[in-house]
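What follows is one structure encoded as C-alpha coordinates, with my remarks underneath.
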(Lines of atoms letter the chains of each structure in order from A and count residues from 1; the text may use other names and numbers.)
(Lines give C-alpha, C1' and ligand atoms only; values in the text may rest on other atoms or scores of the structure.)
Protein backbone atom coordinates (compact mmCIF):
# COMPACT_ATOMS: atom_id res chain seq x y z
CA UNK A 1 0.00 0.00 0.00
CA UNK A 2 1.53 3.30 -1.03
CA UNK A 3 1.72 6.24 1.31
CA UNK A 4 0.27 9.60 0.28
CA UNK A 5 3.26 11.35 1.88
CA UNK A 6 5.47 10.05 -0.91
CA UNK A 7 3.41 11.78 -3.59
CA UNK A 8 4.61 15.40 -4.19
CA UNK A 9 1.89 18.00 -3.63
CA UNK A 10 1.39 19.85 -6.96
CA UNK A 11 1.23 23.24 -5.26
CA UNK A 12 4.38 22.54 -3.25
CA UNK A 13 6.13 21.33 -6.39
CA UNK A 14 5.29 24.59 -8.19
CA UNK A 15 6.56 26.65 -5.24
CA UNK A 16 9.83 24.72 -5.17
CA UNK A 17 10.25 25.31 -8.89
CA UNK A 18 9.76 29.06 -8.47
CA UNK A 19 12.26 29.20 -5.60
CA UNK A 20 14.81 27.21 -7.57
CA UNK A 21 14.39 29.44 -10.61
CA UNK A 22 14.80 32.54 -8.47
CA UNK A 23 18.03 31.23 -6.93
CA UNK A 24 19.42 30.45 -10.38
CA UNK A 25 18.46 33.91 -11.66
CA UNK A 26 20.01 35.71 -8.71
CA UNK A 27 23.07 33.53 -8.53
CA UNK A 28 25.34 35.64 -10.77
CA UNK A 29 24.62 38.74 -8.68
CA UNK A 30 25.31 37.29 -5.25
CA UNK A 31 29.15 37.27 -5.56
CA UNK A 32 29.12 40.85 -6.87
CA UNK A 33 27.11 42.01 -3.87
CA UNK A 34 29.27 40.06 -1.45
CA UNK A 35 32.54 41.40 -2.85
CA UNK A 36 31.51 45.01 -3.56
CA UNK A 37 34.30 47.31 -2.40
CA UNK A 38 32.95 50.14 -0.22
CA UNK A 39 36.15 52.08 -1.02
CA UNK A 40 35.24 52.38 -4.70
CA UNK A 41 34.30 55.98 -5.54
CA UNK A 42 30.84 56.99 -6.69
CA UNK A 43 30.92 59.34 -9.67
CA UNK A 44 28.34 62.11 -9.28
CA UNK A 45 27.61 63.98 -12.52
CA UNK A 46 26.12 67.50 -12.37
CA UNK A 47 24.76 69.08 -15.56
CA UNK A 48 24.85 72.77 -16.37
CA UNK A 49 22.48 75.40 -17.70
CA UNK A 50 20.45 74.86 -20.88
CA UNK A 51 20.53 71.09 -20.33
CA UNK A 52 19.25 68.36 -18.04
CA UNK A 53 20.61 65.10 -16.65
CA UNK A 54 20.10 63.31 -20.00
CA UNK A 55 23.10 65.24 -21.34
CA UNK A 56 25.23 62.78 -19.34
CA UNK A 57 23.63 59.66 -20.87
CA UNK A 58 26.53 58.74 -23.14
CA UNK A 59 29.19 59.41 -20.52
CA UNK A 60 27.26 57.59 -17.78
CA UNK A 61 26.75 54.54 -20.00
CA UNK A 62 30.46 54.46 -20.87
CA UNK A 63 31.53 54.71 -17.23
CA UNK A 64 29.03 52.10 -16.05
CA UNK A 65 30.29 49.82 -18.80
CA UNK A 66 33.75 50.15 -17.27
CA UNK A 67 32.41 49.13 -13.86
CA UNK A 68 32.06 52.51 -12.13
CA UNK A 69 29.16 53.52 -9.93
CA UNK A 70 27.50 56.59 -11.44
CA UNK A 71 24.83 58.98 -10.18
CA UNK A 72 23.40 61.76 -12.36
CA UNK A 73 21.92 64.76 -10.58
CA UNK A 74 18.96 66.97 -11.50
CA UNK A 75 20.49 70.41 -11.07
CA UNK A 76 17.81 73.02 -10.16
CA UNK A 77 19.74 75.83 -11.92
CA UNK A 78 18.63 78.41 -9.34
CA UNK A 79 21.99 79.67 -8.09
CA UNK A 80 25.27 78.23 -6.77
CA UNK A 81 24.25 78.33 -3.10
CA UNK A 82 20.81 76.81 -3.63
CA UNK A 83 22.05 74.19 -6.08
CA UNK A 84 25.00 73.18 -3.90
CA UNK A 85 22.52 72.54 -1.07
CA UNK A 86 20.47 70.34 -3.40
CA UNK A 87 23.61 68.47 -4.42
CA UNK A 88 24.54 68.01 -0.76
CA UNK A 89 21.27 66.14 -0.29
CA UNK A 90 22.43 63.66 -2.92
CA UNK A 91 25.86 63.31 -1.33
CA UNK A 92 24.28 62.63 2.06
CA UNK A 93 22.69 59.51 0.56
CA UNK A 94 26.02 58.09 -0.67
CA UNK A 95 28.43 56.04 1.42
CA UNK A 96 32.12 56.10 0.62
CA UNK A 97 34.30 58.39 -1.49
CA UNK A 98 32.86 60.60 -4.22
CA UNK A 99 34.22 62.17 -7.39
CA UNK A 100 32.20 65.26 -8.29
CA UNK A 101 31.88 66.12 -11.98
CA UNK A 102 30.42 69.37 -13.27
CA UNK A 103 29.72 70.52 -16.81
CA UNK A 104 29.41 74.22 -17.59
CA UNK A 105 27.46 75.94 -14.78
CA UNK A 106 27.58 72.61 -12.94
CA UNK A 107 31.22 73.46 -12.25
CA UNK A 108 30.08 76.46 -10.22
CA UNK A 109 27.86 74.13 -8.20
CA UNK A 110 30.61 71.62 -7.38
CA UNK A 111 32.93 74.54 -6.57
CA UNK A 112 30.46 75.61 -3.87
CA UNK A 113 30.06 72.09 -2.45
CA UNK A 114 32.19 71.13 0.54
CA UNK A 115 31.98 67.55 1.76
CA UNK A 116 34.78 65.43 3.17
CA UNK A 117 33.62 62.49 1.02
CA UNK A 118 34.53 64.38 -2.16
CA UNK A 119 38.04 63.26 -3.10
CA UNK A 120 38.28 64.94 -6.51
CA UNK A 121 36.54 67.52 -8.68
CA UNK A 122 36.30 67.13 -12.44
CA UNK A 123 35.44 70.14 -14.60
CA UNK A 124 34.14 69.48 -18.10
CA UNK A 125 34.18 72.78 -20.04
CA UNK A 126 33.01 74.21 -16.74
CA UNK A 127 33.10 77.29 -14.56
CA UNK A 128 35.51 77.07 -11.63
CA UNK A 129 35.01 80.46 -9.95
CA UNK A 130 37.11 81.93 -7.17
CA UNK A 131 35.37 83.43 -4.15
CA UNK A 132 33.33 86.47 -5.15
CA UNK A 133 33.39 85.69 -8.88
CA UNK A 134 30.25 84.99 -10.85
CA UNK A 135 29.53 83.07 -14.04
CA UNK A 136 28.96 85.96 -16.44
CA UNK A 137 32.12 87.65 -15.21
CA UNK A 138 34.12 84.61 -16.30
CA UNK A 139 33.04 84.97 -19.93
CA UNK A 140 34.16 88.59 -19.95
CA UNK A 141 34.56 89.38 -23.68
CA UNK A 142 37.46 91.73 -22.95
CA UNK A 143 39.61 89.22 -21.05
CA UNK A 144 38.32 86.12 -22.81
CA UNK A 145 36.80 86.97 -26.20
CA UNK A 146 34.85 84.38 -28.14
CA UNK A 147 31.65 83.58 -26.27
CA UNK A 148 28.44 83.86 -28.28
CA UNK A 149 26.17 83.49 -25.28
CA UNK A 150 24.63 86.94 -25.56
CA UNK A 151 21.36 88.35 -26.98
CA UNK A 152 19.69 87.67 -29.32
CA UNK A 153 20.77 84.04 -28.79
CA UNK A 154 20.30 84.38 -25.03
CA UNK A 155 16.76 85.33 -24.08
CA UNK A 156 14.87 85.65 -20.79
CA UNK A 157 11.39 84.76 -19.58
CA UNK A 158 9.41 84.83 -16.36
CA UNK A 159 8.89 81.38 -14.82
CA UNK A 160 7.18 79.89 -11.79
CA UNK A 161 9.81 79.32 -9.13
CA UNK A 162 9.26 78.66 -5.43
CA UNK A 163 12.74 80.04 -4.69
CA UNK A 164 11.99 83.37 -6.36
CA UNK A 165 10.20 86.50 -5.23
CA UNK A 166 6.44 85.95 -5.01
CA UNK A 167 6.91 82.50 -6.55
CA UNK A 168 8.36 83.89 -9.79
CA UNK A 169 11.82 84.23 -11.29
CA UNK A 170 13.53 85.44 -14.44
CA UNK A 171 15.30 82.68 -16.35
CA UNK A 172 17.66 82.70 -19.30
CA UNK A 173 17.58 80.24 -22.19
CA UNK A 174 19.05 79.83 -25.68
CA UNK A 175 16.69 80.51 -28.56
CA UNK A 176 16.17 77.52 -30.85
CA UNK A 177 17.70 79.01 -34.06
CA UNK A 178 20.98 79.57 -32.22
CA UNK A 179 21.12 76.50 -29.98
CA UNK A 180 23.16 74.11 -32.10
CA UNK A 181 25.57 76.73 -33.45
CA UNK A 182 26.42 78.07 -29.99
CA UNK A 183 26.04 75.09 -27.68
CA UNK A 184 26.78 71.97 -29.71
CA UNK A 185 28.03 72.69 -33.23
CA UNK A 186 29.76 69.30 -33.47
CA UNK A 187 26.67 67.10 -33.01
CA UNK A 188 24.10 66.15 -35.62
CA UNK A 189 21.04 68.31 -36.23
CA UNK A 190 18.89 65.49 -34.82
CA UNK A 191 20.95 65.25 -31.63
CA UNK A 192 20.91 69.04 -31.21
CA UNK A 193 17.13 69.06 -31.59
CA UNK A 194 16.84 66.44 -28.87
CA UNK A 195 19.15 68.46 -26.63
CA UNK A 196 17.09 71.59 -27.24
CA UNK A 197 13.94 69.68 -26.29
CA UNK A 198 15.62 68.83 -22.95
CA UNK A 199 16.85 72.38 -22.36
CA UNK A 200 16.21 73.73 -18.84
CA UNK A 201 16.39 77.47 -18.41
CA UNK A 202 18.60 78.90 -15.66
CA UNK A 203 17.72 81.63 -13.20
CA UNK A 204 19.58 84.87 -13.81
CA UNK A 205 20.79 84.44 -10.25
CA UNK A 206 22.73 81.36 -11.39
CA UNK A 207 24.82 83.65 -13.58
CA UNK A 208 25.09 86.62 -11.22
CA UNK A 209 25.39 85.20 -7.68
CA UNK A 210 28.92 85.60 -6.26
CA UNK A 211 30.60 82.27 -5.59
CA UNK A 212 31.65 81.20 -2.11
CA UNK A 213 34.96 79.71 -0.99
CA UNK A 214 36.08 77.35 -3.77
CA UNK A 215 36.33 73.63 -3.08
CA UNK A 216 39.03 73.41 -5.77
CA UNK A 217 41.42 75.19 -3.41
CA UNK A 218 41.59 72.15 -1.14
CA UNK A 219 40.61 69.26 -3.45
CA UNK A 220 42.51 67.57 -6.32
CA UNK A 221 41.07 68.73 -9.66
CA UNK A 222 40.84 67.57 -13.25
CA UNK A 223 39.78 69.77 -16.15
CA UNK A 224 38.83 68.83 -19.72
CA UNK A 225 38.98 71.92 -21.94
CA UNK A 226 36.79 72.23 -25.04
CA UNK A 227 39.00 73.93 -27.57
CA UNK A 228 36.17 75.04 -29.88
CA UNK A 229 33.80 76.21 -27.13
CA UNK A 230 31.42 79.03 -28.09
CA UNK A 231 29.94 79.40 -24.58
CA UNK A 232 33.01 79.47 -22.30
CA UNK A 233 36.00 80.43 -24.44
CA UNK A 234 38.91 78.02 -24.25
CA UNK A 235 41.12 80.82 -22.92
CA UNK A 236 38.81 81.23 -19.93
CA UNK A 237 38.86 77.49 -19.34
CA UNK A 238 42.65 77.39 -19.45
CA UNK A 239 42.78 80.26 -16.96
CA UNK A 240 40.43 78.53 -14.50
CA UNK A 241 42.12 75.14 -14.88
CA UNK A 242 45.56 76.62 -14.27
CA UNK A 243 44.42 78.59 -11.24
CA UNK A 244 42.89 75.44 -9.74
CA UNK A 245 46.09 73.48 -10.33
CA UNK A 246 44.05 70.97 -12.30
CA UNK A 247 45.35 68.01 -14.27
CA UNK A 248 44.34 69.31 -17.67
CA UNK A 249 43.55 67.94 -21.10
CA UNK A 250 42.20 69.72 -24.15
CA UNK A 251 40.12 68.32 -26.99
CA UNK A 252 38.71 69.86 -30.14
CA UNK A 253 35.08 70.05 -29.11
CA UNK A 254 32.06 72.27 -28.72
CA UNK A 255 30.79 73.27 -25.30
CA UNK A 256 28.77 70.03 -25.27
CA UNK A 257 31.76 67.68 -25.21
CA UNK A 258 29.87 65.33 -22.90
CA UNK A 259 27.47 64.66 -25.80
CA UNK A 260 29.81 64.90 -28.79
CA UNK A 261 32.81 63.09 -27.25
CA UNK A 262 31.55 60.96 -24.34
CA UNK A 263 34.54 58.58 -24.40
CA UNK A 264 37.08 61.41 -24.02
CA UNK A 265 35.00 62.85 -21.19
CA UNK A 266 34.71 59.44 -19.54
CA UNK A 267 38.48 58.96 -19.81
CA UNK A 268 39.13 62.15 -17.82
CA UNK A 269 36.57 61.22 -15.17
CA UNK A 270 38.01 57.70 -14.92
CA UNK A 271 41.51 59.12 -14.40
CA UNK A 272 40.23 61.17 -11.47
CA UNK A 273 38.32 58.19 -10.05
CA UNK A 274 41.33 55.87 -10.32
CA UNK A 275 43.49 58.39 -8.47
CA UNK A 276 41.34 58.13 -5.32
CA UNK A 277 41.02 54.35 -5.20
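In this note's numbering, the protein residues as written are 16 to 292. Glycine included, C-beta positions come from ideal geometry on N, C-alpha and C. Bear in mind the structure is a predicted one, so any value in this text is a computation, not a measurement.
Tell me whether the beta-carbon of residue 210 lies closer than 8 Å to the beta-carbon of residue 119. Contact: no.
Taking the alpha-carbon positions, what's the residue 290 to residue 186 distance? Between residue 290 and residue 186, the C-alpha separation is close to 38 Å.
Going residue by residue through the region 136 to 196, where are the continuous beta strand (DSSP E) segments of at least 3 residues, counting only ones entirely within it? Counting only unbroken stretches of 3 or more residues, the beta strand (DSSP E) elements lying wholly within the region 136 to 196 are 169 to 175 and 183 to 189, in sequence order.
On a CA-only basis, which of 93, 84 and 278 is nearest residue 54? Give me that one, please. Taking each of 93, 84 and 278 in turn and checking the Cα distance to residue 54, the smallest one comes out for 84.
Using only CA atoms, which one of 134, 94, 237 and 151 lies nearest to residue 124? It is 94 whose Cα lies nearest to the Cα of residue 124.
Is the distance from the Cβ of residue 145 to the Cβ of residue 226 below 8 Å? Closer than 8 Å, so yes.
Do residue 130 and residue 106 count as a contact pair if the criterion is CB distance below 8 Å? Contact: yes.
I need the straight-line Cα distance from residue 122 to residue 64, nearest angstrom please. Rounded to whole angstroms, residue 122 to residue 64 spans 10 Å at the Cα level.
Among 222, 249 and 188, whose alpha-carbon lies nearest the alpha-carbon of residue 166? Nearest of 222, 249 and 188 to residue 166, Cα basis: 188.
The alpha helix (DSSP H) that contains residue 234, what's its start and end? Judged by DSSP secondary structure, residue 234 falls outside any alpha helix (DSSP H); it is assigned neither H nor E.
Excluding five sequence neighbours on each side, which residues of the same chain lie with their C-beta closer than 6 Å to the C-beta of residue 250? Closer than 6 Å at Cβ, skipping near neighbours: 159.
Evaluate residue 292 with the Cβ neighbour count: other Cβ atoms within 10 Å of its Cβ, from every protein chain shown; 16 or more gives buried, anything less gives exposed. Residue 292 should be labelled exposed.
Return the chain-ordered list of same chain residues with a C-beta closer than 6 Å to the C-beta of residue 67, the five sequence neighbours on each side being excluded. 213 and 215.
Which whole runs of the beta strand (DSSP E) in the region 66 to 118 are 3 residues long or more, in chain order? The qualifying runs are 84 to 88 and 113 to 118.
CB-CB length for residue 126 against residue 231, believed under 8 Å: Correct: roughly 6 Å between the Cβ atoms.
Going by the beta-carbon positions, is the gap between residue 61 and residue 117 smaller than 8 Å? The answer is yes: Cβ separation under 8 Å.
Going by DSSP in three states, residue 64 sits in which element: helix, strand or coil? Of the three classes helix, strand and coil, the one that applies to residue 64 here is coil, per DSSP.
Host alpha helix (DSSP H) of residue 278 (start-end): First-last of the alpha helix (DSSP H) with residue 278: 277 to 290.
Taking one C-beta from the region 132 to 148 and one from the region 241 to 261 each time, how about it: are there three or more such pairs within less than 8 Å? The region 132 to 148 vs the region 241 to 261: in contact.
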